[in-house]
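In this text, residue positions in the sequence shown follow my numbering: the first is 8, and each later residue adds one.
Idealized CB from N, CA, C, for every residue including glycine.
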Amino acid sequence: MKIANATRLSLNIPFYCKRVERAMHRAQTHDERVYLYRIETDEGIVGYGDSLAISDVHTLVGQNPFQIMHNDAIGFGPQLAVLDAVGKAADVPVHALLGTKLRDRCPISWWDIDMSPADWVAEARESLKRGYTSFKMKARPWRDILYQVEAVGKVVPADYKFDIDFNGFLLNQAKAEIILQQLDNHPNVGIYESPFYLYGDLIGARILRERVCKPVVEHFREEYLPAHACDGFVIGGGVTEVRRQAALAAAFNKPFWLQMVGTGITTAFAVHLGSVLSHAQLPYITCHELWKHDLLKKRLDVIDGHIQVSDAPGLGIEVDEKAVEKYTVDPDTPTPKRLYRRKKRILRISWPGVAKQKRIWEFTDEAIYQKTFYAGSIPVFERGVTLEVIEDDDSATFKKAHATLAKREAAIPALM
């Protein structure tokens, strides 16, 4: 059997609601663009994959899919499509190509970028409607994470867990200890991810583990294992590398979650892969609920925070070709987020100061204040801190304020 045809389509899939669109457009994170990969064999078997990354598909034509299905170098999206086709050709589910099924349901988590407390509350309520029991939250130093957690905790049940991802913004062990020990007291808090980037201070990472109650996880690095720097891992990537990292994590009895961002296609694959990995025990992250459509004819049902592992051939899904056609765009078509980011705005970060006055910091783009926080140039995670987005109203006042900020930022090369 050979691959006779391989294509890559560019899709712009809108975010599912305005609050998500508003937050995702402002943030330094992914956008509406998804790439759909489709291969067809000389026997007429079709396989699908998706990814947020561009991979070359022309090199796949003429190859035997059985020989390349474990080759991570072909790219994540194409690899999913190849596995889907091979499973269909062999009349076996993808999990049978990857190992022995150890569980018939896999955990899955809701995901959101940083938002106002009210928006996170709305997202938590939506997650409950869709069957979720955990929520991965992006903690940012321009938000009051203690207040956010308190607000969301009021609308979720006792067994609902928050996985709080700091992306290193706590900067060091000492600051992390102060914030995490306060969060430890909240019953819904389940896991801390990347409080600071642990590879920079393995001793500090171990000290932090000893001084907080909830587990600390980090993106997989081998040096964390002998250092006992964390309690678990985030693992993602191609099949072969994921299985290698998973085996090492299992050898040290470290649970992990799979993190593979994409539509319902990627989510179906994550469930197949997680079902054969002994320590893929923590709720997986695919972010597929962000988009208005998951590209599937039938939604992957989430029941009590888990998705059933399919035993149907291939990925066990049916791609909605009408949805694919609807959202397909020319590769050069900008996403709505890209168009939004071209416009000018002022982003104001503030927190209570003396009397009724506020400490105020203003910037022209999130990328710049991210660098400023990472550099330690602004205090992180102050109580009462908020973010305000001021859009260009075409007034002279706005133009002058924006120009002043842009000039100040340009004078600091490290920020640009």
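Taken through DSSP and simplified to helix, strand or coil, G94 comes out as helix.
Residue burial is scored here from C-beta neighbours: F259 has fewer than 16 other C-beta atoms within 10 angstroms and is therefore classed as exposed. Taking 4 residues as the shortest admissible run, the region 33-76 contains the following complete alpha helix (DSSP H) segments, listed from N- to C-terminal end: 72-75. The shortest C-alpha to C-alpha distance from D119 to any of C294, I353, G360 and K329 is the one to C294. Per the coordinates, the alpha-carbon of I397 lies some 10 Å from the alpha-carbon of F370. The C-alpha of F405 is placed about 42 Å away from the C-alpha of V241. The bridge partners DSSP lists for R355 are E369 and E395. Judged by beta-carbon spacing, Y55 lies within the 9 Å limit of Y44, meaning their Cβ atoms are closer than that value. The closest CA to that of Y347, considering only D38, Y334 and R150, is found on D38. Residue environment analysis places K95 among the buried positions, since at least 16 neighbouring C-beta atoms fall within 10 angstroms of its C-beta. G269 counts as buried, since at least 16 other C-beta atoms from the protein chains shown sit within 10 angstroms of its C-beta. Distance check between H32 and each of R349, I367, A410 and I385 places R349 closest, using alpha-carbon atoms only. The residues I115, R137, G138 and Y139, in chain order, have a CB closer than 8 Å to that of V309 in the same chain once the five nearest residues on each side in sequence are set aside.
C24 sits away from Y291, with the two beta carbons spaced by 9 Å or more.
For V219, the closest C-alpha among the options D208, H193, G244 and F227 is that of H193. Cβ-Cβ distances below 7 Å link T247 to H77 and D79 in the same chain, with the five nearest sequence neighbours on each side left out; the list follows chain order.
The alpha-carbon separation between S384 and G51 amounts to approximately 59 Å. Contact between V283 and T107 holds: their C-beta atoms lie close to 6 Å from each other, under 8 Å. Out of V64, L302, R29 and F142, the CA that lies nearest to the CA of A11 is found in V64. Membership of T247 in the alpha helix (DSSP H) is indicated by the continuous run V246 to A258.
Secondary-structure assignment with DSSP links V361 through no beta bridge to anything.
The criterion of a C-beta distance shorter than 9 Å is not satisfied by Y376 and I353. H235 is the residue among F227, A129, H235 and E229 whose C-alpha sits nearest the C-alpha of L215. With a threshold of 16 other beta carbon atoms within 10 Å, G360 falls short and is exposed. Uninterrupted alpha helix (DSSP H) stretches at least 4 residues long and entirely within the region 112-137 occur at 124-136, given in chain order. Listed as beta-bridge partners of K305 by DSSP are no residues whatsoever.
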